[in-house]
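J.:
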Amino acid sequence: GLKGLPDRVFHVLSDLLKPNSDFEYQGYFTSGPRIDVAKAIKAIHGLMTDLKVFKRKVDPTGLDYQFSLLLDGSGSMAQDASRTKGGLGLAAMFIDVFQRLSVAYSLDAFHNSYIGLKGFDKSLRSIEDRNKLFERRLIPTWGQGGTNLLDGLEHTLTRIRQEGASHHRDRRMLFV
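Each residue of the sequence shown is one higher than the one before, starting from 8 at the first, in my numbering.
Have a look at this one:
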């Protein structure tokens, strides 16, 4: 069934998303492109037993991705219990997956208009934080009104652009 879906999605994304953060300099080595001046001075004055004063570039180890999820919370999503459960379950699954991947993500919805739920800077690590989001923000607005997808997209894209202006990300993805 769908019980293991979050784990499956997590494993698929973790296999697909390759580390892409900026390279870092690490050291210390006897040669390399970047010298640590303080260590070099100590080595010159005989205060170090080795000459490992250089740093080298290493491959990226972090994930520099940004995900946005825009949910349809219109009246049609509440016509039967399975649609409500499916839509809210999708939100819960992506929150779980994005938190485990430690990537920046936002969560928004729309019906008659845009509903901002979670910005990129807020973390939902604890079950309590996730429950609060659902109980206070998502469930009270779910399954109401029309399907103003355009308003939802415009506001979500604005949020993505604002985040991009302050925090460059190599890859930004929007799921609707």
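Glycine residues also receive a C-beta, built at the ideal position from the N, C-alpha and C atoms.
With H, G and I counted as helix, E and B as strand and the rest as coil, what does DSSP make of D158?
T.: D158: helix per DSSP, three-state reduction.
J.: For K64 and R178, I'd like the C-alpha separation in whole angstroms.
T.: Distance between the alpha carbons of K64 and R178: 22 Å.
J.: Mind checking F74: buried by the 16 CB within 10 Å criterion, or exposed?
T.: With 16 or more other Cβ atoms within 10 Å, it is buried.
J.: Would you call the region 45-55 and the region 105-113 touching, i.e. three or more CB-CB distances under 8 Å?
T.: At 8 Å Cβ cutoff, the stretches do not touch.
J.: Does G34 come out as helix, strand or coil in the three-state DSSP assignment?
T.: Residue state, collapsed to three classes: strand.
J.: Can you check whether the CB of H118 is closer than 8 Å to the CB of S89?
T.: Cβ distance not < 8 Å, so S89 and H118 don't count as in contact.
J.: Check R132 in the structure and name its three-state DSSP category.
T.: If DSSP states are grouped into helix, strand and coil, R132 belongs with coil.
J.: Note down, in chain order, each residue of its chain lying with its Cβ closer than 8 Å to the Cβ of R166, except the 5 sequence neighbours on either side.
T.: These residues qualify, in order along the chain: S75, S113, D115, G123, G126 and F127.
J.: DSSP state of F127, grouped into three classes?
T.: Note: F127 maps to coil in three-state DSSP.
J.: How many angstroms separate the CA atom of M180 from the CA atom of A47?
T.: Spanning the two alpha carbons is a distance of roughly 44 Å.
J.: Quick check on S120: does DSSP put it in helix, strand or coil?
T.: The answer is coil: DSSP assigns S120 none of H, G, I, E or B.
J.: Taking C-beta to C-beta, are L160 and L77 nearer than 8 Å?
T.: Result yes, Cβ atoms of L160 and L77 sit closer than 8 Å.
J.: For the region 48-107, list the beta strand (DSSP E) runs that are entirely contained and at least 3 residues long, ordered along the chain.
T.: Runs found: 61-65 and 72-79.
J.: In three-state terms, what does DSSP make of D43?
T.: Looking at D43 - three-state DSSP - the assignment turns out to be coil, as it is neither helix nor strand.
J.: Tell me R178's beta-bridge partners as DSSP assigns them.
T.: The partner list for R178 (beta bridge, DSSP) reads Y72.
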